[in-house]
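First residue of the sequence shown? That's 0 in numbering that gives the first Met the number 0, and the numbers climb one at a time after it.
The next block holds one structure in the form of structure tokens; read it before the comments.
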Amino acid sequence: MRAYSHKTSAAAIAVILAAAGACTAFAHDAQHQPAAAAISDSPEAAYLAENNSAMDKMMADMELKPSGDVDRDFVAMMTPHHQGAIDIAIAVLKYGKNEQIKRIAQEIIVDQQQEIAAMKLAISDPLPPSEAAPTQATPDNTPAGTMQGMDPNMKM
């Protein structure tokens with residue numbers, strides 16, 4: 000687990016939120032709809048659909064009624080935010096081709112899971128059930144078993 004200063008954490012959160020807003024704006028921009036329709040059967044369309052779904056779920060799950068406990072409210076909002084990053088990273092593992100980007104996505108998954116656990120521990124909430132972090136994911140149309148586990152050819 001990494002130790003971050005408050006300034007680093009705040010800056011990272013600001014960057015993530017700005018990127019999330021830009022992604023949402025782009026995904027819903029009416030000017031881009033014809034291009035999306037032209038690639039509706041492509042891996043890009045499948046990725047965009049999963050990305051949009053993850054973003055919509057994240058934004059909905061982040062809305063909450065304040066509890067009066069700033070720390071709990073922070074964790075309640077940041078948990079779906081981190082889960083959204085995990086879900087988007089999984090989509091990149093399914094459809095992305097760039098091995099460097101896929102490695103970064105793997106790191107995001109592990110880091111975000113660790114941060115969710117650390118936040119829950121900090122407010123004495125129970126940890127989510129333990130499960131392996133996905134390191135590879137297969138598109139729904141890929142035969143099962145073709146991309147399980149770590150890619151033995153991936154450079155570390």
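Even for Gly, the Cβ is constructed at its ideal location relative to N, Cα and C.
According to the Cβ coordinates, are residue i and residue j closer than 7 Å?
i	j	result
residue 87	residue 53	yes
residue 108	residue 122	no
residue 81	residue 130	no
residue 118	residue 74	yes
residue 79	residue 55	no
If we count the other Cβ atoms within 10 Å of its Cβ and call it buried at 16 or more, is residue i buried or exposed?
i	result
residue 49	buried
residue 99	exposed
residue 101	buried
residue 92	buried
residue 83	buried
Leaving out the 5 sequence neighbours to the left and right, which residues in its chain are closer than 6 Å to residue i when beta-carbon positions are compared?
i	result
residue 46	90, 94
Among the residues of its own chain, which have a CB less than 7 Å from the CB of residue i, if the five just before and after it don't count?
i	result
residue 116	126
residue 58	none
Compare the C-beta of residue i against all C-beta atoms of chain B and say whether one is closer than 7 Å.
i	result
residue 101	This model lacks chain B altogether; it includes just one protein chain.
Quick one: measure Cβ to Cβ for residue i and residue j, integer angstroms, because I've assumed they're closer than 8 Å.
i	j	result
residue 63	residue 76	6 Å
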